[in-house]
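A.B. asks: Take 1 as the starting number for the sequence shown in UniProt numbering and just add one per residue. The beta carbon of each residue, even a glycine, is placed where N, CA and C say it ideally should be.
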Amino acid sequence: MQILKISLNKITPYINNAKEHPQSQIDQIKASILEFGFNDPIAIDENFVIIEGHGRYEALKQLGHKEVEVIQLSHLSKVQKKQYILAHNKIALNTGFDIEKLKLETAAIIELGGKLDILGFTDIDEVQMPETIVLEENIDDLPSIDNAPAVTKTGNVWLLGKHRLLCGDSTKKESFDAISAKEADFIFTDPPYGIDIAKSGAIGSSGKKYKPIIGDNDTATARAFYELAKELNLKDMLIWGANYFADFLPVSRRWLVWNKRGEMDSNNFADGEIAWVRSDGNLRIFSHVWSGYTREGSHKEELKTRIHPTQKPVGVCIDIFKELEPFEVVFDAFMGSGSTLIACEKMKKVCLGIEIDPKYCDLIIERWQNYTGEKAVLKNTGKTYEEEKKDSKKGN
């Protein structure tokens, strides 16, 4: 099919074109032409009336172009022209994207220094999460950890809507009992790896500092938790960092791998994280590159947005929940930054959580309150978190 170059003034828009082209879209087309050049000829009929390409025509006019490349579809009948004008616009809208490949491609664009706003997505979250799970902008927002005394005290049980959070030791049976952990039908947790990851406070080249993880000097905490958790006799149990616990976790054919870098080049940090699953099934790889609300291609950027050194993005939790369903009540014995709680809230599941560090408990509560707009209540007093916070300040 021959491409012709003719005067832009020679062609005429189809008067009954049903496809809308608001100025916001024309601006996107103009930006695309300026960035990539004009690479898509306009289709016209034998009378130089536009069949396909009304948006590009208007964009070229606004950019001041005098000539345009076209292809002439003179073989179409009158009815075929009308059909093709509608079909060309509608058929392209009848499919979506391969979400995993889309996430990998957009992450690679960022890694190479490109911008996503040139792609035509009106909401950048569209290129980050599956269409069936739309994450709000604040789903991974995190409060900051300050040096003020913690509001939460060891032994406190907080009621966060239908969820429960204990500040306590997850290697003790009384901690399990305090939140009725036996009600859970799925364990999803990330124990200390025993590598003192935040011993010096700072991790990585970003210089971001974290509170040291309690119990991270060896794997004894993870082992003690696992032995206690076995007594719950749940069919489904997932433990992150399983490569550090190979000496006591039993053989399983079901492993999950979080591929954190996609197709980007490797660096000095781990390219992924491994989770052991106590249920029958196949190995699965989840490619979820930190982007936008998480990381923009580099571990240095990831560290800036995290508040806990082994924090998981909510999107990863949700992807895995979908893979391992059905279950309704999730038990997380090492809550950290609270990503499991937010994922449960999003997926309409119940979270039963334990976190040993009072300051991280405060962060989890504030994160949940910021996300839901609801108020956490201390079980033994009936007071809200804000009320307890005021009382705490008075006591100091």
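Could you give the first and the last residue of the continuous alpha helix (DSSP H) run that contains K61?
C.D. replies: Start and end: H54 to L63.
A.B. asks: Smallest Cα separation from A376: which of L341, H54 and L73?
C.D. replies: A376 has its Cα closest to that of L341, out of L341, H54 and L73.
A.B. asks: Taking the alpha-carbon positions, what's the V316 to L238 distance?
C.D. replies: Approximately 13 angstroms between the Cα atoms of the pair.
A.B. asks: For the stretch 2 to 12 and the stretch 95 to 105, state whether three or more C-beta atom pairs, one from each stretch, are separated by less than 8 angstroms.
C.D. replies: The answer is no - the stretch 95 to 105 does not touch the stretch 2 to 12, with fewer than three Cβ pairs under 8 angstroms.
A.B. asks: Check for me: the alpha helix (DSSP H) holding G168 runs from which residue to which?
C.D. replies: Counting along the chain, G168 falls outside any alpha helix (DSSP H), and DSSP gives it neither H nor E.
A.B. asks: Use the C-beta contact count for A343: other C-beta atoms within 10 angstroms, 16 or more gives buried, fewer gives exposed.
C.D. replies: By the 10 Å Cβ count, A343 comes out buried.
A.B. asks: What did DSSP end up calling residue 397 once you bin it into helix, strand or coil?
C.D. replies: This structure leaves residue 397 out entirely; the chain is present only between 1 and 396.
A.B. asks: Between G114 and V257, what straight-line distance do the alpha-carbon atoms span, to the nearest angstrom?
C.D. replies: Straight-line Cα distance between these residues: approximately 28 angstroms.
A.B. asks: Give the single residue among Q369, S287, S252 and K260 whose Cα lies nearest to the Cα of D280.
C.D. replies: When only C-alpha atoms are compared, the closest one is S252.
A.B. asks: Nearest to Y244 by alpha carbon, out of G373, E58 and E273?
C.D. replies: Closest option to Y244, Cα to Cα, is E273.
A.B. asks: Do you know how far the Cα of T152 is from the Cα of K390?
C.D. replies: Using only the alpha carbons, I get a separation of about 12 angstroms.
A.B. asks: Of all the beta strand (DSSP E) runs that stay within the bounds of the UniProt domain "ParB-like N-terminal" (4 to 90), which reach a length of 3 or more residues?
C.D. replies: Runs of the beta strand (DSSP E) inside the UniProt domain "ParB-like N-terminal" (4 to 90): 42 to 44, 50 to 52 and 67 to 72.
A.B. asks: Check whether the stretch 15 to 34 and the stretch 69 to 79 touch, using three or more Cβ-Cβ pairs below 8 angstroms as the test.
C.D. replies: They do not touch, by the three-pair rule.
A.B. asks: Residue ranges of each beta strand (DSSP E) run of no fewer than 3 residues wholly in the stretch 349 to 384, ordered along the chain?
C.D. replies: You should have 350 to 355.
A.B. asks: Ignore the nearest five residues each way along the sequence and tell me which others in Y84's own chain have a CB closer than 8 angstroms to its CB.
C.D. replies: Around Y84: I51, E52, L73 and L76.
A.B. asks: Going by C-alpha distance, which of I354, E386, Q369 and A31 is nearest residue 404?
C.D. replies: For the chain, the structure presents residues 1 to 396; residue 404 sits outside this window and is missing.
A.B. asks: Helix, strand or coil: which one does DSSP assign to L232?
C.D. replies: L232: coil per DSSP, three-state reduction.
A.B. asks: Give the range of the beta strand (DSSP E) segment to which M237 is assigned.
C.D. replies: M237 to W240 is the span of the beta strand (DSSP E), which, as asked, contains M237.
A.B. asks: Just the Cα atoms here: how many angstroms apart are D45 and L283?
C.D. replies: The straight-line gap from Cα to Cα measures roughly 54 angstroms.
A.B. asks: Helix, strand or coil for E386, going by three-state DSSP, please let me know.
C.D. replies: In the structure shown, E386 sits in a helix (DSSP, three-state: H, G or I).
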